[in-house]
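Chains as they are written, first to last, in my numbering: chain A, 1 to 161; chain B, 162 to 308.
Glycine is no exception: its CB is placed at the ideal position from the N, C-alpha and C atoms.
Keep in mind the model is a prediction, meaning the values are calculated, not measured.
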Amino acid sequence: MFPAFARPWFEWCDSTSIAVAIRDSTWMFAVVEILHLLGLAVLLGSLIVLHLRLLGFGMRRQPVARLAAELAPWIFGGLWFMAATGLLLFLAEAMKCYASPPFAVKMLLLLLAVGVHLAVLRRARRISDDSPLPAWSRPAACLSLVLWFGVGVAGRAIGFQ
Amino acid sequence: MQAYDPSTNPLNNNEWSFPLLEIVHIVSFAMAVGTIAIVDLRLLGLAMRRIPSAQLLRGTELWTLSGILLAMFSGALLVTTDPLNYLHNPAFQFKLACLSAAIVYNYTIHRRIAQSKPSPIAAIAAGAVSLALWVSVVFGGIFYAFI
C-alpha cells in the first residue's frame, strides 16, 4: 500500500526494541489496545457532544463557543492519547501496516478528519452567544462526523487483514 | 432435538458479515461508552464544570441508548457465530457480568444522581463507579481474544 521507498522505515519501526517487546509479550498488545479503545471512547464522546450542538440537535442552551472551548481539552487529550497508544500498536505491527490498505485509508481519513476538525473548532469558538447556527455548521458537522466514524471503521478493519 | 451447528450459520458462510458486524459493534460501543464517559467526567468535576450534569445527560442520552442497543444487537449476532467458545470463555463471562451491572447501574443510580444536583462526593462516587464498570466491560471484551 505504501511506496517501496518507505519500506526501510517500516522495517526499522518493526525492529525497534519497543516493537519487539510488545510482540514478545502475551498481554502487552492487549493492554495497549484497551487503552487505545478507551481513548477512542473519550474522543468520540466529546466529539458527539460538540457535533450534536453544531447540528442543532442537543445542548441548545449552551453557547457553541463555550461548548467548543470546554470540550477542546478532552478532544485533543483523547486524540494525543490515541496517537501515543496507536503508535505503540503500529510499531508492533509495522510490516503488517505497510501492506495494509485499511491502515493507509485510516491514516488518510485521520489527516482529513483532524484538518476539518481544526477548522470547525476554530470557527465554532468565534460564534457569538446569541446568534443562530451559521449556515456552514450543519454540513461541516456532518462531514466531520463521517470522517471520524470512517477513521474508526478503517481502524477496526486493520485487524481483519 | 438437534444440536446447533455454527457452520450452518449464514454469518459464518461469507467473508464480510463478521468484520462488518464487529465494526458496527465497536463504533456503537464507543458511542455509548463515550457519551457516558463525558457525563462521568462532568460528575468527577474534570470536564465542563459550567454545564450541569443533568443537561449533559439530556443531550447525550439518545446517543447512549442507540449505542447500547446497537452494540447489544450486533454483539448477540457475533455470539451466534461460535456460542460455546464465547460463553465458556472467562473473559467473556466477566464482560457479561460487568455489562449487566453497568447497564442496570447506568439507568438507575447513575441517572438519578446525574439528574439531581449532587453533592461533590456523591457525584464523584457515581462517576467513578460508572467509569470503572465500563472500563471493565471493554477490558473483558478485548481480553476475550487473548485468552
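Asked, Found
"Whole-Å CB distance - A/A154 paired with A/L109, under 8 Å assumed", "6 Å"
"Beta-carbon proximity list for A/R125, same chain, < 7 Å, skipping 5 on both sides", "A65, A68, A69"
"Interface residues of chain B facing A/I75 [CB-CB closer than 8 Å]", "What A/I75 touches in chain B: nothing, since even the nearest Cβ is about 11 Å away."
"Under the three-state DSSP convention, the category B/S235 falls into", "helix"
"7 Å CB neighbourhood of A/A92 in its chain, flanking five on each side removed", "A19, I22, R23, F29"
"The region 145-157 of chain A: positions lying closer than 8 Å to chain B by Cβ", "F149, G152, V153, R156, A157"
"Test: B/W224 CB closer than 7 Å to a CB of chain A", "yes"
"C-beta neighbour in chain B for A/G58, strict 7 Å", "yes"
"Segment limits, alpha helix (DSSP H) that includes A/M1", "Here A/M1 belongs to no alpha helix (DSSP H), and DSSP marks it neither H nor E."
"Within chain B, the residues that A/E70 reaches when beta carbons sit closer than 9 Å", "A208, M209, R210, R211, I212"
"7 Å CB neighbourhood of A/G39 in its chain, flanking five on each side removed", "G78, F81, M82, T85"
"B/I187, enclosing alpha helix (DSSP H) - first and last residue", "178-204"
"Cβ neighbour criterion (16 or more within 10 Å) applied to A/V49", "buried"
"Segment limits, alpha helix (DSSP H) that includes B/Y266", "251-266"
"From A/G150, A/V105, A/Y98, residue whose alpha carbon lies closest to that of A/A4", "A/Y98"
"Uninterrupted alpha helix (DSSP H) stretches inside the region 280-305 of chain B (no shorter than 4 residues)", "281-304"
"Cβ contact (3+ pairs, closer than 8 Å) linking the region 167-187 of chain B and the region 201-214 of chain B", "no"
"A/V179 and A/S144 closer than 7 Å at C-beta", "Beyond the ends of chain A as shown, which are 1 and 161, falls residue 179 of chain A; an answer cannot be given."
"Contact check, B/T364 vs B/T225, beta carbons under 7 Å", "An answer regarding residue 364 of chain B cannot be provided, because it is not within the stretch 162 to 308 covered by chain B."
"Pairwise C-alpha distance: B/N174 and B/D243", "13 Å"
"Any chain A beta carbon closer than 7 Å to B/G195", "yes"
"Presumed contact (8 Å Cβ cut-off) between B/A191 and A/G159, rounded CB distance", "Incorrect: roughly 15 Å between the Cβ atoms, too far for contact."
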